[in-house]
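In this note's numbering, the protein residues as written are 1 to 243.
A virtual CB, placed ideally from N, CA and C, is assigned to each residue, including glycine.
Just so it is clear, the structure is predicted and the values come from calculations on it, not from any experiment.
What follows is a single structure, written as structure tokens, with notes after it.
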């Protein structure tokens with residue numbers, strides 16, 4: 001939220017708003033930034049915990065995202081609990097190439113017929129749920145992806161996509177550099193949050209899949225920078241914005 005807008009909305013001075021925001025930040029209820037405040041970023045949890053949380057919400061995002069995949073696509077599935085579910089729902093009637101650094105994704109896709117599966121090497125980070133480091137990055141350079149499904153920890157229009165872990169962020173950046181399109185599936189609590197390690201700018205996202213209750217304000221704001229916003233849910237809809 002902008003301090004200037006809050007002051008106008010509540011008919012008080014910006015100084016009063018800034019004092020309130022400082023107090024809220026001291027209580028851990030927001031993050032004070034220049035000109036206003038951001039929501040507190042969700043705490044980092046290991047992938048073993050995240051895979052059990054909000055499963056129905058993530059499945060709704062995945063079902064909406066499946067429309068982005070075309071036959072014979074080369075996909076990169078990044079680490080992340082939502083991408084684990086995505087791997088389970090990949091179309092079985094498409095010939096696909098899947099490259100991943102996610103250990104659970106590899107386990108889910110091993111033995112799938114009609115699918116070429118490639119695993120990135122490197123050191124396994126148990127909390128992240130996959131491989132990171134120079135070996136994984138070097139392996140990524142051997143591929144050209146039609147579509148990357150990027151695992152997302154924090155998503156903010158001003159600061160873009162961000163991550164908790166430096167090694168994880170490095171792999172994400174390398175995947176983006178070798179991908180024609182980048183898609184992000186984001187649950188509502190990640191919107192407006194930023195974390196220490198920058199991955200990519202908001203404008204580099206080609207498709208953003210949001211929950212139906214993300215709100216019209218968020219969708220309208222995001223559509224100014226993202227080519228396509230897909231809304232998950234019973235009445236899933238896709239809109240393409242020409243910029």
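Along the chain, where does the alpha helix (DSSP H) containing residue 14 start, and where does it finish?
It spans 14-26 - the alpha helix (DSSP H) in which residue 14 sits, taken as one unbroken run.
Alpha carbon to alpha carbon, how far is residue 211 from residue 56?
The straight-line gap from Cα to Cα measures roughly 11 Å.
If I measure Cβ to Cβ from residue 101 and keep anything under 8 Å in the same chain, skipping five residues before and after, which residues do I get?
Excluding residues within five positions, the ones whose Cβ falls inside 8 Å are 78, 79, 119, 120, 122, 130, 131, 132, 136, 171.
Under 8 Å, do residue 98 and residue 115 count as touching if we go by C-beta distance?
Yes, these two residues count as a Cβ contact at 8 Å.
Using three-state DSSP, classify residue 239 as helix, strand or coil.
Legend: pLDDT at residue 239 = 49, less than 50; position of this residue unreliable, no value from coordinates given.
Tell me the rounded alpha-carbon separation between residue 221 and residue 2.
Roughly 14 Å separates the two Cα atoms.
Roughly how many whole angstroms lie between the Cα atoms of residue 229 and residue 140?
Those two C-alpha atoms are separated by around 27 Å.
Note down the Cα distance separating residue 90 from residue 81, rounded to an integer number of angstroms.
Each residue's alpha carbon lies about 15 Å from the other.
Do residue 209 and residue 191 have their CB atoms nearer than 8 Å?
Not a contact, by the Cβ cut-off of 8 Å.
Given a cut-off of 8 Å on the beta-carbon distance, is the pair residue 179 and residue 94 in contact?
No.
Which runs of the beta strand (DSSP E) fall wholly inside the stretch 135-191 and span at least 3 residues, in chain order?
Segments of the beta strand (DSSP E) lying fully in the stretch 135-191: 147-149, 154-156, 160-163, 182-186.
Below 7 Å, is the gap between the Cβ of residue 175 and the nearest heavy atom of the ligand FMN?
In the structure on display, the ligand FMN does not appear, and there are no ligands present to speak of.
Considering residue 198, what are the terminal residues of the beta strand (DSSP E) in which it resides?
Unbroken beta strand (DSSP E) run through residue 198: 197-200.
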